[in-house]
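Q: After the structure tokens below, expect a handful of questions from me.
In the UniProt record's numbering, the protein residues as written are 1 to 161.
Shown next as structure tokens:
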């Protein structure tokens, strides 16, 4: 990872997709699950190895928890399959977990996009103006935790047990 601090936006930023940021590093993504579209603000978490996590801030929205069809349930969390669109790039068949809004965690943290998705983009942060600039990079076609990898892991577990 390369981190450069500048006092002005670089000229090549015009080749990136610009999105608003709120509360520091939160950006909007579109989630598609079960034929329904949800637009929501997600934390930008480069320290999270996974694709994303859906916490109570997302699942407590009217009708969301009820419409999330689980592949399985693990420790009270639904394991779900969804698509996410970020800066015009769609990630198909993401497998992630969703927190039960009726059982809130002791530590209130928001839903997150993790590095397995974020590392597919070159990123420019403009804190002064409140924008994030994203552009697909050479990792755009690299795998992430999707349904195909989920099926493979489930098959291995069944063979063991």
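For each residue, glycine too, the CB sits at the ideal point set by N, CA and C.
Just so you know, these numbers come straight off a predicted model, no measurement behind them.
Which word fits residue 80, buried or exposed, when buried means at least 16 other C-beta atoms lie within 10 angstroms of its C-beta?
A: buried
Q: Among residues of its own chain, excluding the 5 on either side of residue 112, which ones have a beta-carbon nearer than 7 Å to its beta-carbon?
A: 42, 43, 45, 48, 52, 53
Q: At 4 residues or longer, and completely inside the stretch 58-118: list those alpha helix (DSSP H) runs for me, N to C.
A: Fully enclosed alpha helix (DSSP H) runs of no fewer than 4 residues occupy 64-67, 115-118 of the stretch 58-118, in order along the chain.
Q: Assuming residue 152 is part of the alpha helix (DSSP H), what are its boundary residues?
A: 147-160
Q: If you drop the 5 nearest sequence neighbours on each side, which residues of the same chain put their C-beta closer than 8 Å to that of residue 74?
A: Around residue 74, the same chain offers 97 as residues with beta carbons nearer than 8 Å, after the five sequence neighbours per side are excluded.
Q: Could you compute how far the alpha carbon of residue 60 sits from the alpha carbon of residue 109?
A: Each residue's CA atom was taken as its position, placing residue 60 and residue 109 some 13 Å apart.
Q: Mind checking which residues open and close the beta strand (DSSP E) that includes residue 39?
A: 36-45
Q: Could you check what DSSP says for residue 17 in three-state terms: helix, strand or coil?
A: Strand, per DSSP.
Q: Buried or exposed for residue 56, please, with buried defined as at least 16 other CB atoms from any protein chain shown within 10 angstroms of its CB.
A: buried
Q: Pull up the distance between the alpha-carbon of residue 105 and that of residue 21, whole angstroms please.
A: Cα to Cα, the separation comes out at about 25 Å.
Q: Can you give me the Cβ contacts of residue 37 inside the same chain, cut-off strictly under 8 Å, excluding the 5 residues immediately before and after it?
A: 30, 31
Q: Can you look up residue 33 in the DSSP assignment and give me helix, strand or coil?
A: Residue 33: strand per DSSP, three-state reduction.
Q: What does the Cβ neighbour count give for residue 5, buried or exposed, with the cut at 16 atoms within 10 Å?
A: exposed
Q: Whole angstroms is fine: what's the gap from residue 9's alpha carbon to residue 126's?
A: 7 Å
Q: Of the choices 16, 11, 39, whose alpha-carbon is the least far from that of residue 135?
A: 16
Q: What whole-angstrom Cβ distance do residue 83 and residue 91 have, given they're in contact under 8 Å?
A: 7 Å
Q: Which whole-angstrom value is the C-beta distance of residue 124 and residue 144, which I expect to be below 8 Å?
A: About 22 Å separates the Cβ atoms of residue 124 and residue 144, ruling out a contact at the 8 Å cut-off.
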